[in-house]
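Taking it in order: structure first as structure tokens, then the write-up.
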Ligand SMILES: *[C@@H]1O[C@H](CO)[C@@H](O)[C@H](O)[C@H]1NC(C)=O
Ligand SMILES: *[C@@H]1O[C@H](CO)[C@@H](O)[C@H](O)[C@H]1NC(C)=O
Ligand SMILES: *[C@@H]1O[C@H](CO)[C@@H](O)[C@H](O)[C@H]1NC(C)=O
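Quick look at the structure:
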């Protein structure tokens, strides 16, 4: 231990000794203090403590009085009283509660105000959104109107430029009436040299009058064939009961031009009916040899080639034989099979020699489902947001397709096709799905009329494409035909969906229910006429009647529950314009072969090889409505009525039979709802069984299975193409 440390320890020790001695001194002082002194100190304490307390309490009260803004007079004097203190505390608590309530009330009011403000902010912002949407909609509609105005201008320009007005039929020339000297009969020796121009009285057959004839009474010869032919002629639409104003006088002679005679010509009819290929040796005259191209049905061989015939026949392929058989069978069926077929063919051929068109195929005049006094309730609709997404084409003024433009060229230019391919020469149709298109220059030089080339001919991608119809044929519109039966609300919603659909000309609703539409129905204003027609009889065949109300070549047949989007419809229409003789539709179906039992089955499973498209959503030419209703064998329409089913199958059969082409399946998005698809399983089974039966029955009627398979689907050109950002697809989704 160092010296310093020793010194420190000593000092510490010394201090502790000092403290101890001080406490001891105080205690000893208290012990030795006098009692009087203690009492004195106590008195002083007793006086000074209350005084000090009084002072502090009055200080607190004064402070409290300031807070409460109110002083209590008693507080001072009763400062020490416990009762008054608790009352005071109570009042304080009440006070505090009051304050608390008032503050919380105020808070609640503030909260309510805040909510209100919040709500109005929300209202305003939703209103802003709404206005923005409205603005966008109006802008779109403005854009659309602009294009529509451009279209209207083009139409106006065309109307002004058109220097050859469409001809209407002039009033028919009147034949010379009254007593006139009969033409002297040609001398027997001259008869051979009598040409039509010399010997025929053309003044009775003006071009504008059509072909008509008067029928002499039949000599009572007892010839059954002659009388059947006579009857058939009388039932022809061109027969007139009075002799005064007819073009031709017809006398049926037993045994001369009767089917019996035709049959005697080798004949031929039996072979054709049996579906055999007739082989003719030598130049035999064949019936209707002018218009009918017998080379399609009969194998003619010159007699000297008889030794080579064996070799020739062995070169025929199956397809050749089938073509001969099919054509022969059709010639027989359409022109030779019955007295009526023969009468019609002979008359049409003769009218053609006189350069006269056959009688027109008239549309079906349907009554309106409303009476004259009835006022429909209408309701405005708006484009659904789905269809507002995309600009698909201008809304134009109604444009009917040209009708009966080729009254005199049809019987000349189209003779071959009408007799041999389309097998319908006896009627003049308002328009036909075949024929030539003009060369591309025609859109720009030359007739120019009616074409709407994309970007006035410069072409382009989606934007320009959506503004014009383009294509190889003049612009046109289509008619929606919708069959409905007791589903008024479904119909109303389906009609509403058609609002704003570009290129739509008109909607024809075929009202199949016996009762009239209820008068409380609110009909959506579609923007085009909605004509509700009724034909009295509830039949699915009504879907395909060639109504006079339909003024366009293109018909979109659509079920009231098939929700096609506008882009799908417009695309389908554009596809149809390039395939005018085909059925162009959305959902595909096919006919499958029953490998166990033989025979056909209808199949609606997914397939890469459909052979039908459902007519619940399909485009076809109005010509086929005529063919379905007037040309197709009646037994097929009867079967459709019997099952209340299969009308779509019948239409597929008809068009495939006539064109030997499968239908065209166009794209469809998954939004397509299956129309006519049955809801329950039992319905399902019955529905399918009927469809199996229909397919087998129809193919027996046609004598073969006309349906053909197709392995591709049509999408728009730039679908799935990667585009630079300044280019648009033809359609956004298809
Ligand atoms: C063509 O025939 C139809 C039907 O008969 C008729 O309405 C139309 O006026 C005719 N047109 C011309 C130019 O002859
Ligand atoms: C027309 O139809 C309406 C509704 O169907 C009916 O109330 C009215 O009596 C009919 N008027 C005539 C003249 O038939
Ligand atoms: C459709 O396909 C399903 C699944 O492959 C199959 O079970 C069914 O039998 C098919 N239906 C017909 C009618 O072929």
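In the working numbering, the protein residues as written are 2 to 735. Virtual Cβ for every residue (Gly too), placed ideally from N, Cα, C. Here the structure is a predicted model, which means the values were calculated and not measured.
- When DSSP states are grouped into helix, strand and coil, residue 693 belongs to the helix group.
- Bounds of the beta strand (DSSP E) holding residue 506 are 505-512.
- Contiguous alpha helix (DSSP H) elements confined to the stretch 312-378 occur at 319-332, 340-354, taking only those with 4 or more residues.
- Around the CB of residue 483, 16 or more other CB atoms lie within 10 Å, so the residue is classed as buried.
- Taken atom to atom, the span from the alpha-carbon of residue 228 to that of residue 241 is near 18 Å.
- By a beta-carbon distance limit of 8 Å, residue 628 contacts residue 655. Their separation comes to about 6 Å.
- 507 is the residue among 507, 522, 567, 277 whose C-alpha sits nearest the C-alpha of residue 399.
- Inclusion of residue 504 and residue 477 in the CB contact set at 9 Å is warranted, their separation being smaller than that value.
- The secondary-structure analysis by DSSP pairs residue 249 across a beta bridge with 214.
- DSSP places residue 153 in the helix class (H, G or I) of the three-state scheme.
- The DSSP-derived three-state label of residue 698 is helix.
- The C-beta separation of residue 432 from residue 623 comes to about 7 Å, placing the pair in contact by the 8 Å criterion.
- Apart from the 5 residues on each side of it in sequence, residue 691 sits with its Cβ closer than 6 Å to the Cβ of 644, 646 in its chain, given in chain order.
- Taking non-hydrogen atoms of ligand 1 into account, the C-beta of residue 626 is found less than 8 Å away from none of them.
- Judged by DSSP secondary structure, residue 567 falls within the alpha helix (DSSP H) whose first and last residues are 567-579.
- In this structure, residue 732 sits away from residue 576, with a CB-CB distance that is not shorter than 9 Å.
- In the three-state DSSP reduction, residue 445 falls in the coil class, being neither helix nor strand.
- Residue 714 has its alpha-carbon roughly 5 Å from the corresponding atom of residue 667.
- Excluding residues up to 5 positions away in sequence, 591, 710, 711, 712 lie with their Cβ nearer than 8 Å to the Cβ of residue 610 in the same chain.
- At least one heavy atom of ligand 1 sits closer than 8 Å to the Cβ of residue 209.
- In this structure, the alpha-carbon of residue 722 lies about 42 Å from that of residue 686.
- Using a Cβ-Cβ distance cut-off of 8 Å, the stretch 308-326 and the stretch 209-217 are not in contact, since fewer than three pairs of beta carbons, one from each stretch, lie closer than that value.
- Rounded to the nearest angstrom, the Cβ distance from residue 239 to residue 360 is 6 Å, consistent with a contact under 8 Å.
- Setting aside the 5 residues that flank it on each side, residue 409 is surrounded in the same chain by 208, 356, 358, each with a C-beta closer than 8 Å to its C-beta; the list follows chain order.
- Our two residues, residue 633 and residue 626, have alpha carbons roughly 10 Å apart in a direct line.
- Judged by the Cβ position, residue 169 qualifies as a neighbour of ligand 1 at the 8 Å threshold, a heavy atom of the ligand being closer than this.
- Look at residue 212: its beta carbon is at least 8 Å from all of the heavy atoms in ligand 1.
- Only exposed fits residue 113, as fewer than 16 other CB atoms lie within 10 angstroms of its CB.
- Residue 426 has its Cβ no nearer than 8 Å to any heavy atom of ligand 1.
- Relative to the Cα of residue 155, the nearest Cα in the group 245, 450, 464 belongs to 450.
- Taking 3 residues as the shortest admissible run, the stretch 612-669 contains the following complete beta strand (DSSP E) segments, listed from N- to C-terminal end: 618-622, 665-667.
- Residue 206 counts as buried, since no fewer than 16 other beta carbons sit within 10 angstroms of its beta carbon.
- The continuous beta strand (DSSP E) containing residue 560 extends over residues 555-560.
- At least one heavy atom of ligand 1 lies less than 8 Å from the C-beta of residue 358.
- When the beta-carbon positions are compared, residue 352 and residue 412 come within less than 9 Å of each other.
- The Cβ atoms of residue 557 and residue 525 lie no closer than 9 Å to each other.
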